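Single-structure report; data block below.
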Amino acid sequence: MRKIMLFAAALLAAYSAEAQTLTGRDIVKKVKDNPDGETRYAKMDLVLEKANGSKRERKVESWAMDIGEDTKTMMFFTYPGDVKGTGFLTWNYDEIGRDDDKWLYMPALKKTRRISGSSSKTDYFMGTDFTYDDMGDRNIDEDTHELLREETLDGQECYVVESVPKDKREIYSKRISWIRKDCFMGMKVEYYDKLGKLHRVLNISDIKQVQGFWTRGRMVMENVQTHHKTIISFSDTQYNLNIDGDMFNVAKLEKGM
Amino acid sequence: MNIEKINSKFRQFGQFIVNHRLMVFAFFIALLVFSIAGLKRIYFETSFDTYFVSDDPMLLKTDEFKSIFGNDYYVAVLVEDKDGLFTKKNLSLIRDLSNELMDSLAYAEKITSLTDLEFMVGTEDGMELQQIVPEEIPDDQAGLDAIRAKAYSKDYVSKKLVSRDGTMSWILVKLRPYPADSLWRAEGIEAPENQTGREAINICFKDKYASLNPNIAGMPYMSYAKAQYIQKEMARLMMIAIIVSLIVMALVTRSLRGVLIPVATSICALIIAMGIIGWLGLYLDMSTTLITVMLAFAVAIAYNIHVYSFFRAQLLKLHDRKQAAIDAIAETAWPVIFSGFTTIAAMMTFLAMNIVPMKAMGINSSLAIISVLISILVLTPITLSLGKRTAANKEFDSSFEGKSASFFDRFGEFVLRHSKKNIIITCFITAFCAVGVYWIEPAFDVERSMGRKVEYSRRFLELCETELGTMYSYDLMVVLPEEGDAKKPENLTKLEVLEHEIEGYQLTKRHSSVLDIIKDMNCTLNSGDTAFYHVPDNSEAVAQLLLLYENAGGSESEYWMDYEYRRLRLQIEIDNYNSNEIDIEMNRLEDRAKELFPEAEVSIVGNVPQFTVMQQYLTKGQMWSLVLSAVIIGVLLMIVFGNVRLGLIGMIPNLAPAVFVGGLMGWLGYPLDMMTACIIPMILGLAVDDTIHFVNHAHLEFHRQKNYSHAVRATFRVAGLAIVMTTIIICATFLGFSVSDAIQFAHFGTLAVAGLASALLADLFITPALFKLLKIFGKEDSNS
Chain A
0 MRKIMLFAAA LLAAYSAEAQ TLTGRDIVKK VKDNPDGETR YAKMDLVLEK ANGSKRERKV
60 ESWAMDIGED TKTMMFFTYP GDVKGTGFLT WNYDEIGRDD DKWLYMPALK KTRRISGSSS
120 KTDYFMGTDF TYDDMGDRNI DEDTHELLRE ETLDGQECYV VESVPKDKRE IYSKRISWIR
180 KDCFMGMKVE YYDKLGKLHR VLNISDIKQV QGFWTRGRMV MENVQTHHKT IISFSDTQYN
240 LNIDGDMFNV AKLEKGM
Chain B
0 MNIEKINSKF RQFGQFIVNH RLMVFAFFIA LLVFSIAGLK RIYFETSFDT YFVSDDPMLL
60 KTDEFKSIFG NDYYVAVLVE DKDGLFTKKN LSLIRDLSNE LMDSLAYAEK ITSLTDLEFM
120 VGTEDGMELQ QIVPEEIPDD QAGLDAIRAK AYSKDYVSKK LVSRDGTMSW ILVKLRPYPA
180 DSLWRAEGIE APENQTGREA INICFKDKYA SLNPNIAGMP YMSYAKAQYI QKEMARLMMI
240 AIIVSLIVMA LVTRSLRGVL IPVATSICAL IIAMGIIGWL GLYLDMSTTL ITVMLAFAVA
300 IAYNIHVYSF FRAQLLKLHD RKQAAIDAIA ETAWPVIFSG FTTIAAMMTF LAMNIVPMKA
360 MGINSSLAII SVLISILVLT PITLSLGKRT AANKEFDSSF EGKSASFFDR FGEFVLRHSK
420 KNIIITCFIT AFCAVGVYWI EPAFDVERSM GRKVEYSRRF LELCETELGT MYSYDLMVVL
480 PEEGDAKKPE NLTKLEVLEH EIEGYQLTKR HSSVLDIIKD MNCTLNSGDT AFYHVPDNSE
540 AVAQLLLLYE NAGGSESEYW MDYEYRRLRL QIEIDNYNSN EIDIEMNRLE DRAKELFPEA
600 EVSIVGNVPQ FTVMQQYLTK GQMWSLVLSA VIIGVLLMIV FGNVRLGLIG MIPNLAPAVF
660 VGGLMGWLGY PLDMMTACII PMILGLAVDD TIHFVNHAHL EFHRQKNYSH AVRATFRVAG
720 LAIVMTTIII CATFLGFSVS DAIQFAHFGT LAVAGLASAL LADLFITPAL FKLLKIFGKE
780 DSNS
């Protein structure tokens, strides 16, 4: 979940006067460099929806704190009832090649387990339509970016940037992003599979400023080939809260919210 | 029916065709060109799913199952190296093959292989998601031994993935749901199942992977390989049929024109029929199309022989091609059209079957026969009428036709002399065959329908016999009353009871369910201690284990448990197919599941139950088709003979071959499949033609002299040669099937030839005997 927050925040940006001469890479860098406060809090409602209409819903509360270039996140599940109180702690390191640390506390088993190792980048995160790679703080130089055009999307002036992965093992062959000119927030991303067909579409809506930070309210990722959807709604988002750094440890995880 | 009136109408028709042959020919060519354009629109279905009609309960159940648990079709590859797979080279190749399958199969969703697996390892304070084979594959023995040890560290994982001796491994590619038929058809692209099968072959059989001896399984591959095989076999059988019938026609007609006209007519008829099918977007599949094509070819030649025989006899008398062609149409058009209608009536009874390819065969064969009739009525008189008058250099009596007439005259005498004996022998054979009918059983499996002489089938059957290979699978779906019920330990424990019980079933090779994941997670969570390889005792613990699994990157639980946690799925893979045994096992499992989950909805879905249902449809449909074709043909005979009694008696020599073919199937152990199911109605439709010719002539001759012996002998003189020759030619056309490597083709060929031959024998030996015995045309004139 922390990664979802990061992913959401990573696209936050302020308008720049030099925008008209920006390259594709410049635009993506501005998206990545959008400020998102030192600490963050949000409630998230996560709905997975199959093509046949069946749904799986989970709700979490999430706290995050930047410590230098690293980020620590604590998440507690509040819904459904049988996973209520389950906590998920992650320490995300900026250092290249260093794996994240993750712990999960399961109240029913009264056990905390450290999860190490990593799943394949092509695997989907928690059954969602977001891959681990989509969730991750992807280095902008892992792709080659090209500004394709400028166009209006839902009444907003946007840059349309194509990003092609340098590593051919990536799950997608390219992605095309629509980035708002006024705040450098992504509004829409299209992911194309290796055969060049449209695979997934991310639509971001309810973009607004909270405490001066650009914040997104809703993200819908749809796999257009299987028609499976993931809808993430954020609420009660807060920035720069007064959180103690000691909150992000296993003892606190086991103690609960 | 006033035959004279009908014939006079056809005489006018023949005159019009011959007198305006240039214009008519131009119209015919236009129709041909239009049809050729339609050929491009033809599409052959390969998926087994298309066999069901759109509102079939089994199809609806399967679709519901797929909408919950995803596509149940998969591509599986067995790799093998007798010297062992745990070498750097082999492991690298397995990784490359796995990656290529995942990247290049357009519908790949998830891959499981030795080098790509969700492998959870329990540690003292946590758990680690690892790969069995590390990113950098070691080349030292110690490193490779460590990989091997890890692969076998979890028995429940290794038994699905790698053989005990380490020489074989299984790569499984789960497929994402295929798009709706309407979508890919609208785009004009290849069918997803076909595409998947083709791509799997292109990848696995690359030289690069040859040392792994890849062997492919899964429905997409099987459907594609079958379609490819039938396509080649169809061309080969068609070639054999053309060559054999050319030889027979050359012997019969001893004329270039007599050989070329039937062949040209058949080819034109097939183009027109297939073109119309293309334009109308009708269903086509390889196996049943093969029958349609061969049937159309056979009847085109047979009908032409009737027209040509009459034309030749007239030409010998009149020496005028135009007049002989008009006479031929006037005298033979109605019997030929009526023969066509009886065959169409028989083929249309396939509409009574609840199986799409069988219905399609009924419609397509009928269209093909109509096209044959159009071609014969238009093209044949035009081509026969071309050329100069012939010289009067041969007398009828000294001709082949004349000599054969006197032979059949003597033959008729012989038949009448032994009429009682013939009837007794026929009754005995029919009774003997009727017993065999009870032993016919349907079969759809590869072993009994294609057999081991067919390359793709042999490879697949060999794969099934290996330690890891499986043939087919079926699924038990349990729908519990409330959301969240599937996570309750009491329900999971019941599922475990079922798993233990099916392990004792004769055909079960292995099974999979969400229990594999839950028990593995519980074990992993407790430092890999196998004492914890069980279901936790409270539902919160189950829910949190599943959450841990998902957070650790696990993604397979949704294949086995639905989003609302109401449905549980248990998949059973079998390595052998026995239609009776599998039926017993599936019913046993369903009953037991209903007993354990009394408040749940329980159903069995998947390929095997689809086969079973299809077999039931085929058996029931076969009966209906047989009854309907007998009734329709009986009614047609009554109408054409204008006499109920005569119509019923006319059915006797036609029902006898039907019983003979059924008995042969039972005694020889030939199963009922899509092809053999076509035989009896088809033979009824074809055999009745000879009866019509025979009865018509005999009726006419009897009225001349009121004497049965004279009527029979005269009939043999006039129609004997044509009746025998048409049967020989149709038999020759189907004979090619008998030498096919594919079992169902060989069975079809043997049964078709046996059925047609028995129908001919019945017409030659029984029909005349019945005439005399039952005095079907009335009393004889004692003075005659």
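Chains A and B are the protein sequences, given in the same order.
Quick note: the first sequence uses numbering that gives the first Met the number 0, first residue 0, plus one each step.
Quick note: the second sequence uses numbering that gives the first Met the number 0, first residue 0, plus one each step.
Glycine is no exception: its CB is placed at the ideal position from the N, C-alpha and C atoms.
Computed from a predicted model, the values in this text were never measured in an experiment.
Checklist entry - Which residues in chain A sit within 9 Å of K486(B), going by Cβ to Cβ distance? => result D81
Next on the checklist: Under DSSP, the alpha helix (DSSP H) around G37(B) begins and ends at which residues?
Outcome noted: 20-38
Next on the checklist: I want to verify the contact list: residues of chain A whose CB lies under 7 Å from the CB of R175(B), in sequence order.
Outcome noted: Q224, T225
Checklist entry - Skipping 5 residues on each side, what residues in its chain have a beta carbon closer than 8 Å to that of N18(B)? => result none
Checklist entry - In terms of residue numbering, what span does the alpha helix (DSSP H) encompassing P767(B) cover? => result 766-773
Next on the checklist: So for A9(A), helix, strand or coil by DSSP?
Outcome noted: Confidence at A9(A) is low in this model, with a pLDDT of 46, below 50, so its placement is unreliable and no value can be given for it.
Item to check | 7 Å Cβ cut-off: residues of chain B touching M105(A) | outcome: Q543, L547
Item to check | Chain-ordered chain B contacts of T85(A) [CB-CB under 8 Å] | outcome: Q543, L546
Checklist entry - For a contact meaning CB atoms closer than 7 Å, what does A50(A) contact in chain B? => result S66
Checklist entry - Contact check, E150(A) vs V159(A) under 8 Å by CB: the rounded distance? => result 6 Å
Checklist entry - Where does the unbroken beta strand (DSSP E) through P178(B) begin, and where does it stop? => result Segment: none, P178(B) is in no beta strand (DSSP E) and carries neither H nor E.
Next on the checklist: I want to know whether the region 238-248 of chain A touches the region 32-51 of chain A - three or more CB-CB distances under 8 Å.
Outcome noted: yes
Checklist entry - So, is the C-beta of H19(B) closer than 8 Å to a C-beta in chain A? => result no
Checklist entry - Is F744(B) helix, strand or coil when you go by DSSP? => result helix
Item to check | CA nearest to the CA of R55(A), picked from G67(A), P79(A), M43(A), S61(A) | outcome: P79(A)
Checklist entry - What distance in whole Å lies between the Cβ atoms of A75(B) and W169(B), which are believed to be in contact at a cut-off of 8 Å? => result 6 Å
Item to check | Residue closest to D689(B), alpha-carbon to alpha-carbon, out of G735(B), V711(B), D762(B), N642(B) | outcome: D762(B)
Next on the checklist: What would DSSP say about R10(B), mapped onto helix, strand or coil?
Outcome noted: helix
Item to check | Where the region 336-367 of chain B meets chain A: residues whose CB sits under 8 Å from a CB there | outcome: none
Next on the checklist: Once the 5 residues before and after Q322(B) are set aside, which same chain residues still bring their CB inside 8 Å of it?
Outcome noted: Q313
Item to check | Alpha-carbon spacing of A367(B) relative to M664(B), whole angstroms | outcome: 28 Å
Checklist entry - Would the beta-carbon of G450(B) be found less than 7 Å away from any heavy atom of the ligand NAP? => result The ligand content of the structure shown is nil, which means the ligand NAP is not present either.
Item to check | Pairwise C-alpha distance: R253(B) and N303(B) | outcome: 14 Å
Checklist entry - Do you know whose CA, among S46(B), W278(B), S602(B), N577(B), lies nearest E589(B)'s CA? => result S602(B)
Next on the checklist: Just to make sure I have the definition right: I need the residues of chain A whose C-beta is within less than 9 Å of the C-beta of L491(B). Which are they?
Outcome noted: Those do not exist, as L491(B) stays about 14 Å from chain A at its closest Cβ, beyond 9 Å.
Checklist entry - Going by Cα to Cα distance, which pick from Q743(B), A731(B), V738(B) is closest to L790(B)? => result Nothing about residue 790(B) can be read from this structure; chain B reaches only from 0 to 783.
Checklist entry - Would you say K31(A) and I139(A) are within 8 Å of each other, going by their C-beta atoms? => result yes
Checklist entry - Can you name, in chain order, every residue of its own chain whose Cβ lies under 7 Å from the Cβ of F51(B), other than the five neighbours on each side? => result M57, L58, V355
Checklist entry - Which of the residues in the region 501-526 of chain B, read from start to end, lie with their CB under 8 Å from any CB of chain A? => result L524
Checklist entry - Across which residues does DSSP place P441(B) in a beta bridge pair? => result L671(B)
Item to check | Same chain, Cβ closer than 6 Å to W559(B), five either side skipped, listed in chain order | outcome: S512, V513, R568
Item to check | Element boundaries [beta strand (DSSP E), containing E461(B)] | outcome: It is not in any beta strand (DSSP E) - E461(B) instead sits in the alpha helix (DSSP H) that spans 454-463.
Item to check | Among I35(B), A351(B), E489(B), nearest to W278(B) - alpha-carbon criterion | outcome: I35(B)
Checklist entry - Sorted by chain position, which residues of the same chain lie with C-beta nearer than 6 Å to E466(B)'s C-beta, five sequence neighbours on each side aside? => result S162
Item to check | Inter-residue CB distance, L100(B) and I136(B) (contact presumed, cutoff 8 Å) | outcome: No, L100(B) and I136(B) are not in contact; Cβ-Cβ is about 19 Å, not under 8 Å.
Next on the checklist: I'd like to confirm the pairing. Which residues does DSSP put opposite F233(A) in its beta bridges?
Outcome noted: M43(A)
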